[in-house]
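I have placed the structure first, in the form of structure tokens, so that the comments after it can refer back to it.
There are 2 protein chains.
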Amino acid sequence: DGPPCCLACATAAPLLRDVCGPGRRAPGCVCVCVCGTRDYNPKQMAIREKVFSTIVSCFKRHGAETIDTPVFELKETLTGKYGEDSKLIYDLKDQGGELLSLRYDLTVPFARYLAMNKITNIKRYHIAKVYRRDNPAMTRGRYREFYQCDFDIAGQYDAMIPDAECLKIVYEILSELDLGDFRIKVNDRRILDGMFAVCGVPDEKFRTICSTVDKLDKMPWEEVRREMVEEKGLSEQAADQIGEYVSMQGGMDLAERLLQDQKLSQSKLACAGLADIKQLFSYLQLFQVTDKVVFDLSLARGLDYYTGIIYEAVLTQAGVAAACGEAQNGAGGEESVSVGSVAGGGRYDGLVGMFDPKGRKVPCVGVSIGIERIFSIMEQKAEASAEKIRTTQVQVMVASAQKNLLEERLKLITELWSAGIKAEVMYKKNPKLLSQLQHCEEAGIPLVAILGEQELKDGVVKLRVVASREEVASESCSILHVELFPVDVQQTMDISAAELTLLCWASGRAL
Amino acid sequence: DGPPCCLACATAAPLLRDVCGPGRRAPGCVCVCVCGTRDYNPKQMAIREKVFSTIVSCFKRHGAETIDTPVFELKETLTGKYGEDSKLIYDLKDQGGELLSLRYDLTVPFARYLAMNKITNIKRYHIAKVYRRDNPAMTRGRYREFYQCDFDIAGQYDAMIPDAECLKIVYEILSELDLGDFRIKVNDRRILDGMFAVCGVPDEKFRTICSTVDKLDKMPWEEVRREMVEEKGLSEQAADQIGEYVSMQGGMDLAERLLQDQKLSQSKLACAGLADIKQLFSYLQLFQVTDKVVFDLSLARGLDYYTGIIYEAVLTQAGVAAACGEAQNGAGGEESVSVGSVAGGGRYDGLVGMFDPKGRKVPCVGVSIGIERIFSIMEQKAEASAEKIRTTQVQVMVASAQKNLLEERLKLITELWSAGIKAEVMYKKNPKLLSQLQHCEEAGIPLVAILGEQELKDGVVKLRVVASREEVASESCSILHVELFPVDVQQTMDISAAELTLLCWASGRAL
Numbered sequence: 165d166g167p168p169c170c171l172a173c174a175t176a177a178p179l180l181r182d183v184c185g186p187g188r189r190a191p192g193c194v195c196v197c198v199c200g201t202r203d204y205n206p207k208q209m210a211i212r213e214k215v216f217s218t219i220v221s222c223f224k225r226h227g228a229e230t231i232d233t234p235v236f237e238l239k240e241t242l243t244g245k246y247g248e249d250s251k252l253i254y255d256l257k258d259q260g261g262e263l264l265s266l267r268y269d270l271t272v273p274f275a276r277y278l279a280m281n282k283i284t285n286i287k288r289y290h291i292a293k294v295y296r297r298d299n300p301a302m303t304r305g306r307y308r309e310f311y312q313c314d315f316d317i318a319g320q321y322d323a324m325i326p327d328a329e330c331l332k333i334v335y336e337i338l339s340e341l342d343l344g345d346f347r348i349k350v351n352d353r354r355i356l357d358g359m360f361a362v363c364g365v366p367d368e369k370f371r372t373i374c375s376t377v378d379k380l381d382k383m384p385w386e387e388v389r390r391e392m393v394e395e396k397g398l399s400e401q402a403a404d405q406i407g408e409y410v411s412m413q414g415g416m417d418l419a420e421r422l423l424q425d426q427k428l429s430q431s432k433l434a435c436a437g438l439a440d441i442k443q444l445f446s447y448l449q450l451f452q453v454t455d456k457v458v459f460d461l462s463l464a465r466g467l468d469y470y471t472g473i474i475y476e477a478v479l480t481q482a483g484v485a486a487a488c489g490e491a492q493n494g495a496g497g498e499e500s501v502s503v504g505s506v507a508g509g510g511r512y513d514g515l516v517g518m519f520d521p522k523g524r525k526v527p528c529v530g531v532s533i534g535i536e537r538i539f540s541i542m543e544q545k546a547e548a549s550a551e552k553i554r555t556t557q558v559q560v561m562v563a564s565a566q567k568n569l570l571e572e573r574l575k576l577i578t579e580l581w582s583a584g585i586k587a588e589v590m591y592k593k594n595p596k597l598l599s600q601l602q603h604c605e606e607a608g609i610p611l612v613a614i615l616g617e618q619e620l621k622d623g624v625v626k627l628r629v630v631a632s633r634e635e636v637a638s639e640s641c642s643i644l645h646v647e648l649f650p651v652d653v654q655q656t657m658d659i660s661a662a663e664l665t666l667l668c669w670a671s672g673r674a675l
Numbered sequence: 165d166g167p168p169c170c171l172a173c174a175t176a177a178p179l180l181r182d183v184c185g186p187g188r189r190a191p192g193c194v195c196v197c198v199c200g201t202r203d204y205n206p207k208q209m210a211i212r213e214k215v216f217s218t219i220v221s222c223f224k225r226h227g228a229e230t231i232d233t234p235v236f237e238l239k240e241t242l243t244g245k246y247g248e249d250s251k252l253i254y255d256l257k258d259q260g261g262e263l264l265s266l267r268y269d270l271t272v273p274f275a276r277y278l279a280m281n282k283i284t285n286i287k288r289y290h291i292a293k294v295y296r297r298d299n300p301a302m303t304r305g306r307y308r309e310f311y312q313c314d315f316d317i318a319g320q321y322d323a324m325i326p327d328a329e330c331l332k333i334v335y336e337i338l339s340e341l342d343l344g345d346f347r348i349k350v351n352d353r354r355i356l357d358g359m360f361a362v363c364g365v366p367d368e369k370f371r372t373i374c375s376t377v378d379k380l381d382k383m384p385w386e387e388v389r390r391e392m393v394e395e396k397g398l399s400e401q402a403a404d405q406i407g408e409y410v411s412m413q414g415g416m417d418l419a420e421r422l423l424q425d426q427k428l429s430q431s432k433l434a435c436a437g438l439a440d441i442k443q444l445f446s447y448l449q450l451f452q453v454t455d456k457v458v459f460d461l462s463l464a465r466g467l468d469y470y471t472g473i474i475y476e477a478v479l480t481q482a483g484v485a486a487a488c489g490e491a492q493n494g495a496g497g498e499e500s501v502s503v504g505s506v507a508g509g510g511r512y513d514g515l516v517g518m519f520d521p522k523g524r525k526v527p528c529v530g531v532s533i534g535i536e537r538i539f540s541i542m543e544q545k546a547e548a549s550a551e552k553i554r555t556t557q558v559q560v561m562v563a564s565a566q567k568n569l570l571e572e573r574l575k576l577i578t579e580l581w582s583a584g585i586k587a588e589v590m591y592k593k594n595p596k597l598l599s600q601l602q603h604c605e606e607a608g609i610p611l612v613a614i615l616g617e618q619e620l621k622d623g624v625v626k627l628r629v630v631a632s633r634e635e636v637a638s639e640s641c642s643i644l645h646v647e648l649f650p651v652d653v654q655q656t657m658d659i660s661a662a663e664l665t666l667l668c669w670a671s672g673r674a675l
């Protein structure tokens, strides 16, 4: 066998990272996986489920419903929604049906769903995989198939209240996941457009200059300026004026100051955006999240469909950056190091109307949690920690100490299952007791119910605590009844409520 | 706007069902969905989550881990695994990378995963969508994108123990989902092959005759016989002998009788299969599931990869059949009417070896729950029942009785959220009390916390039970503290534990 060497195995064979790539394999590669994708093994699934459960709890606490849409959409549904990134869309082969593409995000399918069902207000979350034919960088959590966790509020409401809730949600989720310090950058498309206008950027260059500004979190201002002037033909003077604005960061005070700014206040668009930022911060104060939110004029975001407020959350802890194998300098670096975006979103008031035959608009604001990078961090954290991750929830192993007790084991486990107890039995007629106990230790199963000739004769089951090796058996009751552990044993054993139920059930007693 | 008329909307516009189809739309169709797929609205999601939770609980009770694999595989991974059905595989467009196909089931990706990671034993479940370019029949739960819930046991174990557990799992899930009566048909590929051999079917016709036998649940014996003789060129005598065998149904007794059958007992293959069926039934007796399991020689199953035992579960209740809009006559009809398969599986000992460079085999047995048909039934049941399905879990609505109290509402809800309480607020500066209360009734929110000038002055919050319209307020405590409901009110209100927590928390008391 050759070594695992395609990109999906980059973590296993980092030196081969540059040899294999999408569509090309190193000689001797025996992998049969798709480049840029990953399988989740049971340990990774355990981490994934924990992350999802935190996120879903937060979405539900905020009253969201959930929907689901197909993995593919009509190609025309996705066309013209993603700007330059449209080239990354996966198309299906034309096999004599419709022209289909894999979804690129969850926002466009959501807008299509609202328009098709004529829904004018809803608060929903959607957790699902999306697809982008990007250059994968697996060790940094960049895949071609990856999860997004989206929360969106659609409806005609008073300004900035739903927008503020989206930021509150990002704040809650990132705090609860305990990934280290973070910042949420906020800006507004109208402020950007107003800024471009007053700095003398020609109208037709707004979008392209905007996507250059978007690179400020990945490259220094000098390079961004060079791209604006040399590649995009902007005047040096305009670039320098933009440079002044995009270095500004602050809170409500900055919005107030800019509303007085001689140049920027000439743009009605910018003023509307600034007034909304002010309003937003007043709600964020009530939500008690202003300590992590920064009004940052360098935030641009690539997607075409945003119309108002935009935001992006970045982890800033140097420790996390190291764990993630990535150390970039954030735009507004300060002392902390950015490890890239883990959440982003904004207001898109025009998207639903693009799917409605009469163009009826439904204002929307939402946020998308980019979960793969979070998974990577959590996985590395789990590996570094001594704590063992259980991948099953088995409470008791039904074992036998002698041969020819398969029937009795199957009878006992049937009773346990029908009592709702999570139980396992080895699929062997005559397994060795040692191998049954070893399996318990490996899998973290806390209890073993042991059947033997003597127990059968006495009509008892021996119950053994794997960690402490303590054993108990009832004196004289039916095969399934054992004595309840004495209370002090329970306390030292650190067994869960479910396992206590098992013990109580086994003893035939109510708790 | 034209009426919704593509296949995805067949339930809404049943008369147009035949007008639209994959790739063709009726004139005036305004749908932007992919034919053969569906969106799940919040109500459907609530049902789906309930079904999944029942299934996952069962899988976990039996000690399964879970994995996930990408939605697409290399095309070559799927090639040659599905027999005649391979034409239904969705291919991706060649966009300069690998040739990819959407997964057709979860079994082949599982086998690929085991081989690639050199895993020789695992018990895992996997719940995910699979893709087939079949003719959709949405009202009967047949889609081009649909969920499968798979449970498989891989490893070299003593015969029939894991196989019996798979059947036990099907039994538990179908019982718990409460879909009405069901049967689990069992057969063995080796018995089928042995039967074909002793009936005089030429070796090279085994597979094609097998797929004709597979149609016995959809058409009467006469038609199946005709296809064998006229289309597939089988002798009338061989067909009639097959006809005798495939009409047989029974339990362990039938296996014993067939082991004595003069003709069938000449086939070693058949005898091995029959011995295993006998062994299987002895375990099924211990698992207490023999009342629903039938050894049925007409069961064939289409997929190529099965090597031993095969099984399929069908719902038999006439009531369910009517609800499902489908009434077929089962092969062994009796008095009950089959509504088609809801679960199926079997043993596939050769599949993993096909992905291993050295052909090392890993014996596997598994079952797949076909969930879409179950969703359809549950949805129709939910529609027929008076019970209202909640799509959110909101416990309390933070409302105001007067104008200009947005700040106070946002402050209060911030406290509720940080206490883990699921709470909502209307995104309006000055919502009407009536519309806030109406929203509670529509969404099934049980409690409203009402703020008004008087309450603020008194330093209390009024808490109102939406259903009974009872109200309470504390006498003199902080804005967040209200009196605990008297116990008798709790009882008549039928409020949940979480809501009680809310009340206790609001009152500043421990439970």
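Residue numbers (the working numbering), protein chains in the order written: chain B, 165 to 675; chain U, 165 to 675. All residues carry an ideal CB built from backbone N, CA and C; glycine is no exception.
Does residue i have its Cβ less than 8 angstroms from a Cβ in chain B?
i, result
"U/F451", "yes"
"U/W385", "no"
"U/P234", "yes"
"U/N205", "yes"
"U/K442", "no"
"U/K537", "Correcting the residue type first, residue 537 of chain U is Arg in the shown sequence and not Lys. Taking Cβ atoms only, chain B never reaches closer than 8 angstroms to U/R537, which makes this a no."
"U/A228", "yes"
If you drop the 5 nearest sequence neighbours on each side, which residues of the same chain put their C-beta closer than 6 angstroms to that of residue i?
i, result
"U/V558", "K586, E588 and I609"
"U/G514", "T471"
"B/C313", "I219, I291, I533 and I535"
"U/V526", "L278, T284, A318 and V516"
Should residue i be flagged as near chain U, meaning a C-beta pair shorter than 8 angstroms?
i, result
"B/C716", "In this structure chain B extends from 165 to 675, so residue 716 of chain B is not present and cannot be described."
"B/L180", "Below a pLDDT of 50, predicted positions are generally treated as unreliable, and B/L180, at 48, falls in that range; the measurement from the model is reported next regardless. No, because no Cβ of chain U sits closer than 8 angstroms to the Cβ of B/L180."
"B/L569", "no"
Spatial neighbours of residue i within its chain, please: C-beta separation below 8 angstroms, excluding the five flanking residues on both sides.
i, result
"U/E536", "G305, R306, Y307, F310 and Y311"
"U/E391", "T376 and K379"
"B/A228", "K287, R288, Y289 and F315"
At the level of alpha carbons, what is the spacing between residue i and residue j?
i, j, result
"B/R296", "U/I333", "38 angstroms"
"U/G509", "U/V531", "4 angstroms"
"U/C199", "U/P300", "8 angstroms"
"B/V149", "U/V612", "The structure shown has nothing for residue 149 of chain B, since chain B only spans 165 to 675."
"U/H645", "U/C604", "For U/H645, the predicted structure reports a pLDDT of 34, less than 50, and the residue's modelled location is therefore unreliable. The matter cannot be settled from this model."
"U/A318", "B/K224", "37 angstroms"
"U/E617", "U/K593", "15 angstroms"
"B/P521", "B/I283", "14 angstroms"
"B/R288", "U/H226", "33 angstroms"
"U/V651", "U/S582", "Here the model assigns U/V651 a pLDDT of 36, short of 50, so the residue's position is not dependable and the matter cannot be decided."
"B/D381", "B/V562", "56 angstroms"
"U/Y447", "U/D367", "33 angstroms"
CB-CB under 7 angstroms to residue i, same chain, minus the five flanking residues each way: which ones, in chain order?
i, result
"B/Y204", "R212"
"U/L343", "L479, V484, I538 and I541"
"B/I373", "F360, V365, M392, K396 and L398"
"B/L569", "L615"
"B/C435", "L423 and S429"
At 3 residues or longer, and completely inside the region 300 to 326 of chain B: list those beta strand (DSSP E) runs for me, N to C.
309 to 318
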